[in-house]
Amino acid sequence: MIAALNIIYLVIAAALALFALVNLLRAKTLDKAINMAILFVPLLLRALRIK
Amino acid sequence: MKNKKLLVNIAVLVVALAIALVAGADFRKMHEPDKIYTGNPAITSVKKLSDYNNNLLNTAGDTDIYVLDSGVPGGKALIYGGTHSNETAAVMNALTYIENAVVEQGTLYVIFQANQSAFTNTLPLRAQMSHMNFTLPDGSVRSVRMGSRLANPVHQWPDPNYRLNSSGRVLKQNEIAEIRNLNRNHPGMEEGYLVEMVAYGIRNLIDTEGIDFIFDGHEASPEFLRVNYLIAHDRAMNLGSTAILNASLDAMMEGNMEGYPFKLDLSGATSWGLSHRALGDNTATLATLFESLNPVMGFCHGKVNEELVKEGKSDNYVKITDMGLLDSGELTDAGSPIELRTAYHMEISRQLLNAMGELDPAKTVTVTGLPTFTEMVSNGLESTLKPLE
Numbered sequence: 008m009i010a011a012l013n014i015i016y017l018v019i020a021a022a023l024a025l026f027a028l029v030n031l032l033r034a035k036t037l038d039k040a041i042n043m044a045i046l047f048v049p050l051l052l053r054a055l056r057i058k
Numbered sequence: 004m005k006n007k008k009l010l011v012n013i014a015v016l017v018v019a020l021a022i023a024l025v026a027g028a029d030f031r032k033m034h035e036p037d038k039i040y041t042g043n044p045a046i047t048s049v050k051k052l053s054d055y056n057n058n059l060l061n062t063a064g065d066t067d068i069y070v071l072d073s074g075v076p077g078g079k080a081l082i083y084g085g086t087h088s089n090e091t092a093a094v095m096n097a098l099t100y101i102e103n104a105v106v107e108q109g110t111l112y113v114i115f116q117a118n119q120s121a122f123t124n125t126l127p128l129r130a131q132m133s134h135m136n137f138t139l140p141d142g143s144v145r146s147v148r149m150g151s152r153l154a155n156p157v158h159q160w161p162d163p164n165y166r167l168n169s170s171g172r173v174l175k176q177n178e179i180a181e182i183r184n185l186n187r188n189h190p191g192m193e194e195g196y197l198v199e200m201v202a203y204g205i206r207n208l209i210d211t212e213g214i215d216f217i218f219d220g221h222e223a224s225p226e227f228l229r230v231n232y233l234i235a236h237d238r239a240m241n242l243g244s245t246a247i248l249n250a251s252l253d254a255m256m257e258g259n260m261e262g263y264p265f266k267l268d269l270s271g272a273t274s275w276g277l278s279h280r281a282l283g284d285n286t287a288t289l290a291t292l293f294e295s296l297n298p299v300m301g302f303c304h305g306k307v308n309e310e311l312v313k314e315g316k317s318d319n320y321v322k323i324t325d326m327g328l329l330d331s332g333e334l335t336d337a338g339s340p341i342e343l344r345t346a347y348h349m350e351i352s353r354q355l356l357n358a359m360g361e362l363d364p365a366k367t368v369t370v371t372g373l374p375t376f377t378e379m380v381s382n383g384l385e386s387t388l389k390p391l392e
């Protein structure tokens, strides 16, 4: 159960990282792009199980 | 226009990826195990915690247990550090035993990274240093990781919103991260969260090997009310008081009339999940825990640098001390250097080992080969750590 929950959370982190990436590429202003980049970095590191 | 925006966004992405790469490399480096000297001929075997809880096999919690068995019947003791991996003096004390100790009677078990996962991450937003380095006389450098008091969320995630485990401590609201704190989850669970399983491994090690006494090394912030205190379970109070009395007598014999600053306190009856309470209540061992003063653990220390983590110097805490605001963690300009903190751990744990034999000769564990307190303070860890081959 605990291991399954861990995997689900990792999938959620990966999905959110992907969502942030898409929004970054489609951002209409520079500050929105930077906002998405700030979200993207920690989500990516968590999805990759680095941090 | 659209292409220009896309180019700008791609540029932002490249910068973000570059930051992720640089930061990620640093974080990955924290996962590399510390290299230590294991050539001490007194080490008779190296066990794994998974030998005592099979569920830890191939996990980040499967830490090494160094066994120094004299072959002569006597007592059994467990000395460990790294319950909180940023409490470095406890880690250095365990390493001092692993690399230098000679056991002439009884058996000594030593763990230097009790919560191994915690060594792979630092506390977020605390601007911690990740390593402490020592340059040895031969010019080589020994590097020791300083991690977090909590296991890495990469290994144990998410934290549950509510948890009541075998410790009896309810973890909820702002305490939920404590599920990754080894010293809140004793005596642990055979199957559960990683840290609960680590705690169970330690409990089962004590039960299986029949360990008579344990020493859990910690460090505390100046604000903590029990700095330089030995905390002992009810059944270990005789052992603790004998050790502190003997330490004072030994100091006086060596001309140090001020003695050591050691004090003794009884384990709190509601210290749920802490080693001195939970392992004392749930095993037959005599459970003790010691706290030395480490200013980097506090919140007022200023910039974290080598001077702070190694020399334990903090102008802020000297000012706070001068204002009379501290109860037990007073800091002077001399600081609280790692050599002194480690020497305190070494001295009190050595005195506890001696006291165990005094109180019950059948449980004698005789350890030699360690530096004296004065040697440790004067020559530093550079003289006790061994070069790696």
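Protein chains in written order, with the working numbering: chain S, 8 to 58; chain Y, 4 to 392. Glycine included, C-beta positions come from ideal geometry on N, C-alpha and C. Since we're looking at a predicted model, the values are computed, not measured.
Exercise. If you count every other CB in all the chains shown that lies within 10 Å of the CB of isoleucine 14 of chain S, and 16 or more means buried, which is it?
Worked result: Here the question's residue 14 of chain S lines up with position 7 in the first sequence. Looking at its Cβ environment, which holds fewer than 16 other Cβ atoms inside 10 Å, isoleucine 14 of chain S is exposed.
For this session: Check the Cβ-Cβ distances between proline 364 of chain Y and every residue of chain S, and say whether any is below 9 Å.
Result: Numbered from its first residue, the second sequence carries residue 364 of chain Y at position 361. Closer than 9 Å: no.
Exercise. Which residues of chain Y have a Cβ atom closer than 8 Å to the Cβ of isoleucine 57 of chain S, listed in chain order?
Worked result: For the purposes of this step, residue 57 of chain S is taken as residue 50 along the first sequence, with counting starting at 1. The contacting residues are Gly27, Phe30, Arg31 and Val157.
For this session: Between the Cα of tyrosine 263 of chain Y and those of Y/Asn308, Y/Ala235, Y/Gln354 and Y/Val312, spot the shortest distance and give me the residue it belongs to.
Result: Translated into the one-based positions of the second sequence, residue 263 of chain Y becomes position 260. Closest by alpha carbon: Y/Gln354.
Exercise. Short check: CB of alanine 93 of chain Y to CB of serine 295 of chain Y, under 9 Å?
Worked result: In the second sequence, residue 93 of chain Y corresponds to position 90, counting from 1. In the second sequence, residue 295 of chain Y corresponds to position 292, counting from 1. Yes, Cβ-Cβ distance for alanine 93 of chain Y and serine 295 of chain Y is below 9 Å.
Exercise. Per DSSP, isoleucine 82 of chain Y forms a beta bridge with which residues?
Worked result: Numbered from its first residue, the second sequence carries residue 82 of chain Y at position 79. Partner(s): Y/Val113 and Y/Phe218.
For this session: State the Cα-Cα distance for the pair threonine 138 of chain Y and glutamate 392 of chain Y, rounded to the nearest angstrom.
Result: In the second sequence, the residue the question calls residue 138 of chain Y occupies position 135. In the second sequence, the residue the question calls residue 392 of chain Y occupies position 389. The straight-line gap from Cα to Cα measures roughly 15 Å.
Problem set entry | Reduced DSSP category for valine 157 of chain Y - H, G, I as helix; E, B as strand; rest coil | Here the question's residue 157 of chain Y lines up with position 154 in the second sequence. Looking at valine 157 of chain Y - three-state DSSP - the assignment turns out to be coil, as it is neither helix nor strand.
Exercise. Expressed to the nearest angstrom, what Euclidean distance is found between the alpha-carbon atoms of histidine 304 of chain Y and threonine 125 of chain Y?
Worked result: Residue numbering aside, residue 304 of chain Y sits at position 301 when the second sequence is read from its first letter. Residue numbering aside, residue 125 of chain Y sits at position 122 when the second sequence is read from its first letter. Approximately 17 Å between the Cα atoms of the pair.
Exercise. In terms of DSSP beta bridges, what is arginine 166 of chain Y paired with?
Worked result: Position 163 of the second sequence, counting from 1, holds the residue named residue 166 of chain Y. Arginine 166 of chain Y pairs with Y/Leu174.
Problem set entry | Beta-bridge pairing of glutamine 108 of chain Y - partner residues as DSSP gives them | By one-based count along the second sequence, residue 108 of chain Y stands at place 105. Paired residue(s): Y/Thr369.
Problem set entry | Inter-residue spacing [alpha-carbon to alpha-carbon] between glycine 398 of chain Y and leucine 167 of chain Y | A query on residue 398 of chain Y cannot be resolved here, the shown segment of chain Y reaching from 4 to 392 and no further.
Exercise. Among residues of its own chain, excluding the 5 on either side of alanine 246 of chain Y, which ones have a beta-carbon nearer than 6 Å to its beta-carbon?
Worked result: By 1-based counting over the second sequence, the position of residue 246 of chain Y is 243. Cβ within range, chain order: Gln354, Leu355 and Ala358.
Exercise. Using a beta-carbon distance below 9 Å, is lysine 175 of chain Y in contact with chain S?
Worked result: Working through the second sequence from its first residue, we reach residue 175 of chain Y at position 172. Chain S contact via Cβ: absent.
Problem set entry | Euclidean distance between Cα positions of alanine 154 of chain Y and leucine 55 of chain S | By 1-based counting over the second sequence, the position of residue 154 of chain Y is 151. By 1-based counting over the first sequence, the position of residue 55 of chain S is 48. Using only the alpha carbons, I get a separation of about 17 Å.
Problem set entry | C-alpha gap between leucine 248 of chain Y and asparagine 241 of chain Y, whole angstroms | Locating residue 248 of chain Y in the second sequence gives position 245, where the first residue counts as 1. Locating residue 241 of chain Y in the second sequence gives position 238, where the first residue counts as 1. Answer to the nearest angstrom: the Cα atoms are 11 Å apart.
Problem set entry | Where isoleucine 22 of chain Y meets chain S, residues with beta-carbon distance less than 9 Å | The residue you call residue 22 of chain Y lines up with position 19 of the second sequence. Within 9 Å Cβ-Cβ: Ala44 and Val48.
Exercise. Mind checking if alanine 254 of chain Y is an interface residue toward chain S, Cβ cutoff 9 Å exclusive?
Worked result: To locate residue 254 of chain Y, count along the second sequence from 1; it is residue 251. Cβ-Cβ to chain S under 9 Å: no for alanine 254 of chain Y.
Exercise. At which residues does the alpha helix (DSSP H) containing glutamate 309 of chain Y begin and terminate?
Worked result: The sequence position of residue 309 of chain Y within the second sequence is 306, counting from 1. Unbroken alpha helix (DSSP H) run through glutamate 309 of chain Y: 309-314.
Exercise. Where in the segment 187-249 of chain Y do unbroken runs of the beta strand (DSSP E), each at least 3 residues long, occur, reported from the N-terminal end onward?
Worked result: 216-223 and 232-235
For this session: Consult DSSP for alanine 21 of chain Y and reduce its assignment to one of helix, strand or coil.
Result: Walking along the second sequence from the start, residue 21 of chain Y turns up at place 18. It is helical.
Exercise. Alanine 235 of chain Y and arginine 229 of chain Y: beta carbons closer than 9 Å?
Worked result: By 1-based counting over the second sequence, the position of residue 235 of chain Y is 232. By 1-based counting over the second sequence, the position of residue 229 of chain Y is 226. No, Cβ-Cβ distance for alanine 235 of chain Y and arginine 229 of chain Y is not below 9 Å.
For this session: Establish whether the CB of glycine 150 of chain Y and some CB of chain S are separated by less than 9 Å.
Result: Stepping through the second sequence from its first residue, residue 150 of chain Y is reached at position 147. Cβ-Cβ to chain S under 9 Å: no for glycine 150 of chain Y.
Problem set entry | leucine 59 of chain Y and glycine 204 of chain Y closer than 9 Å at C-beta | Here residue 59 of chain Y is taken as the residue at index 56 of the second sequence, counted from 1. Here residue 204 of chain Y is taken as the residue at index 201 of the second sequence, counted from 1. Cβ atoms of leucine 59 of chain Y and glycine 204 of chain Y: closer than 9 Å.
Exercise. Between methionine 192 of chain Y and the rest of its own chain, which residues show a CB-CB distance below 8 Å, the 5 nearest in sequence each way excluded?
Worked result: Counted from its first residue, the second sequence places residue 192 of chain Y at position 189. Here the set comprises Asn168, Ser169, Glu199, Met200, Ala202 and Tyr203.
Problem set entry | Closest residue to phenylalanine 302 of chain Y among Y/Tyr320, Y/Ile13, Y/Leu373 and Y/Asn285 (Cα-Cα distance) | Here the question's residue 302 of chain Y lines up with position 299 in the second sequence. Phenylalanine 302 of chain Y has its Cα closest to that of Y/Tyr320, out of Y/Tyr320, Y/Ile13, Y/Leu373 and Y/Asn285.
Exercise. If threonine 110 of chain Y and serine 73 of chain Y are in contact, beta carbons under 8 Å, what's the gap, nearest whole angstrom?
Worked result: Here residue 110 of chain Y is taken as the residue at index 107 of the second sequence, counted from 1. Here residue 73 of chain Y is taken as the residue at index 70 of the second sequence, counted from 1. Indeed, because the Cβ distance is near 7 Å, the residues count as touching under 8 Å.
Problem set entry | One or two residues paired with alanine 290 of chain Y in a DSSP bridge | In the second sequence, counting from the first residue as 1, residue 290 of chain Y sits at position 287. Answer is Y/Ile217.
For this session: Examine chain S for any beta-carbon lying closer than 9 Å to the beta-carbon of isoleucine 13 of chain Y, and answer yes or no.
Result: By one-based count along the second sequence, residue 13 of chain Y stands at place 10. Chain S contact via Cβ: present.
Exercise. With a Cβ-Cβ cutoff of 9 Å, do glutamate 261 of chain Y and threonine 377 of chain Y count as a contact?
Worked result: For the purposes of this step, residue 261 of chain Y is taken as the residue at position 258 of the second sequence. For the purposes of this step, residue 377 of chain Y is taken as the residue at position 374 of the second sequence. Result no, Cβ atoms of glutamate 261 of chain Y and threonine 377 of chain Y do not sit closer than 9 Å.
Exercise. With 16 other CB atoms within 10 Å as the buried threshold, where does histidine 189 of chain Y fall?
Worked result: Here residue 189 of chain Y refers to the residue found at position 186 of the second sequence. Looking at its Cβ environment, which holds 16 or more other Cβ atoms inside 10 Å, histidine 189 of chain Y is buried.
For this session: Compute the beta-carbon to beta-carbon distance between alanine 80 of chain Y and isoleucine 182 of chain Y, rounded to the nearest angstrom, for a pair I have assumed lies under 8 Å.
Result: On the second sequence, position 77 is the one that residue 80 of chain Y refers to. On the second sequence, position 179 is the one that residue 182 of chain Y refers to. About 29 Å separates the two Cβ atoms, so there is no contact after all.
Exercise. What does isoleucine 9 of chain S touch in chain Y if you count any residue whose Cβ is under 8 Å from its own?
Worked result: Here residue 9 of chain S corresponds to residue number 2 of the first sequence, with the count starting at 1. By Cβ distance, chain Y contributes Gly195 and Tyr196.
Problem set entry | Cβ distance (whole Å) where leucine 52 of chain S is taken to contact phenylalanine 30 of chain Y below 8 Å | On the first sequence, residue 52 of chain S is found 45 positions in, with the first residue counted as 1. On the second sequence, residue 30 of chain Y is found 27 positions in, with the first residue counted as 1. Confirmed, Cβ separation roughly 7 Å.
For this session: Can you say whether glutamine 176 of chain Y is buried or exposed, counting buried as having 16 or more other CB atoms within 10 angstroms of its CB?
Result: Here residue 176 of chain Y refers to the residue found at position 173 of the second sequence. Label assigned to glutamine 176 of chain Y: exposed.
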